[in-house]
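J.:
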Amino acid sequence: MIIEGLTTTTNADGTTNVAPMGPIVIGDFLRLQFRPFPGSLTYENLKRTRRGVFHVTDDVLLLVQAALDLPHSPPPLQPAMQVEGAVLKDCCRWYEFAVESVVESGERPVMDARVVHTGRSRDFVGFNRARHAVIEAAIAASRLEWLGREAVEQELARCRGLVEKTGDAAELQAFDLVAAFVHKRAMTNRQQQLSDQSS
46 MIIEGLTTTT
56 NADGTTNVAP
66 MGPIVIGDFL
76 RLQFRPFPGS
86 LTYENLKRTR
96 RGVFHVTDDV
106 LLLVQAALDL
116 PHSPPPLQPA
126 MQVEGAVLKD
136 CCRWYEFAVE
146 SVVESGERPV
156 MDARVVHTGR
166 SRDFVGFNRA
176 RHAVIEAAIA
186 ASRLEWLGRE
196 AVEQELARCR
206 GLVEKTGDAA
216 ELQAFDLVAA
226 FVHKRAMTNR
236 QQQLSDQSS
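Here it is in structure tokens:
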């Protein structure tokens, strides 16, 4: 089973990187299997330190900001208990892990990790169609270059109704960030195409 969440890793300068990740969960969170994109900061950090923290959260705004690499204030953090790293203070649960193997063959590396400590901050709020729609919209937006503008805008149109019908202010704000990201990226791409055609 794949669980979407946020992973914190330690950058070379000691700061914390927060990135969305959907690891395969094995054995009731005894093990996690990550497939980070080569060249990503998460990949580089995990390869270097072999440590991190995976978080289950219902904070869709933070998920969107991390997924689309949008500027935002760093989230509140606390030190991890068993690994060098940081825990998001406002998560539901967290899983500190140690990477035990890295397989580099294939399109994306596979990093198998053992969970060494778990913690709980608060209850998961519960299922909400708007939150799921925002996450799906953010995933589509993060793949704009591969899916194309038309496919992403269709996904946003499908998700918009769910967010407007069942979401609260946080979900609406998060969805607006996704829509603005797609619009801005599409305009930038269009301007680049026009510039290339004129030169």
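Once you know that position 147 of the sequence shown is 192 in this note's numbering, the rest is easy, because the numbers rise by one and skip nothing.
Glycine is no exception: its CB is placed at the ideal position from the N, C-alpha and C atoms.
1. Determine the direct distance from the alpha carbon of Gly50 to that of Pro68, and round the result to whole angstroms.
2. Using the beta-carbon count (16 or more within 10 Å), is Ser240 buried or exposed?
3. With distances taken from CA atoms, which of Arg153, Val161, Gly164, Leu108 is nearest Glu181?
4. Tell me which residue opens and which closes the alpha helix (DSSP H) that Ser240 is part of.
5. For the alpha helix (DSSP H) that Val197 lies in, which residues bound it at each end?
6. Per DSSP, Met156 is paired with what?
7. Looking only at its chain, what residues have a beta carbon closer than 8 Å to the beta carbon of Tyr88, apart from the 5 residues adjacent to it on each side?
8. His162 bridges to which residues according to DSSP?
9. For Phe172, count the other beta carbons within 10 Å of its own beta carbon; 16 or more makes it buried, fewer makes it exposed. Which is it?
10. Below 8 Å on the Cβ atoms is my guess for Val132 versus Val98; work out the distance and round it to an integer in Å.
11. With H, G and I counted as helix, E and B as strand and the rest as coil, what does DSSP make of Leu122?
12. When the distance is taken between beta carbons, is Thr60 closer than 8 Å to Leu91?
13. With DSSP as the reference, identify every bridge partner of Val132, one or two as the case may be.
14. Considering only C-alpha positions, which residue in the set Pro116, Pro65, Gln127, Lys210 is nearest to Asp103?
15. For Leu115 and Ala231, I'd like the C-alpha separation in whole angstroms.
16. Give every residue of the same chain whose Cβ lies closer than 6 Å to the Cβ of Leu192, excluding the five residues on either side of it in the sequence, and list them in chain order.
17. When you compare the segment 217-235 with the segment 119-130, are there three or more beta-carbon pairs, one atom per stretch, that lie closer than 8 Å?
18. Helix, strand or coil for Leu51? Go by DSSP, reduced to three states.
19. Ser166 and Ala112 - do their beta-carbons sit closer together than 8 Å?
20. Out of His162, Ala224, Arg159, Val105, which one is the CA nearest neighbour of Arg194?
21. Using the beta-carbon count (16 or more within 10 Å), is Gly84 buried or exposed?
T.: With the structure as the only source:
1. Distance between the alpha carbons of Pro68 and Gly50: 8 Å.
2. By the neighbour-count rule (16 or more Cβ atoms within 10 Å), Ser240 is not buried but exposed.
3. When only C-alpha atoms are compared, the closest one is Leu108.
4. Membership of Ser240 in the alpha helix (DSSP H) is indicated by the continuous run 214-243.
5. Unbroken alpha helix (DSSP H) run through Val197: 194-211.
6. Met156 is bridged by DSSP to Phe79, Val147.
7. Within the same chain, Tyr88 has close Cβ partners Pro81, Phe82, Pro154.
8. His162 is bridged to Glu141.
9. Flag for Phe172 reads exposed.
10. So it is a contact: roughly 5 Å between Cβ atoms.
11. The answer is strand: DSSP assigns Leu122 an E or B state.
12. Not in contact: Leu91 and Thr60 (Cβ atoms no closer than 8 Å).
13. BP columns for Val132 point to Gln123.
14. It is Pro65.
15. Distance between the alpha carbons of Leu115 and Ala231: 16 Å.
16. There are no such residues.
17. No, they do not touch.
18. Correct three-state label for Leu51: strand.
19. For Ala112 and Ser166, no; Cβs fall outside 8 Å.
20. Nearest of His162, Ala224, Arg159, Val105 to Arg194, Cα basis: Ala224.
21. Exposed, by the Cβ-count rule.
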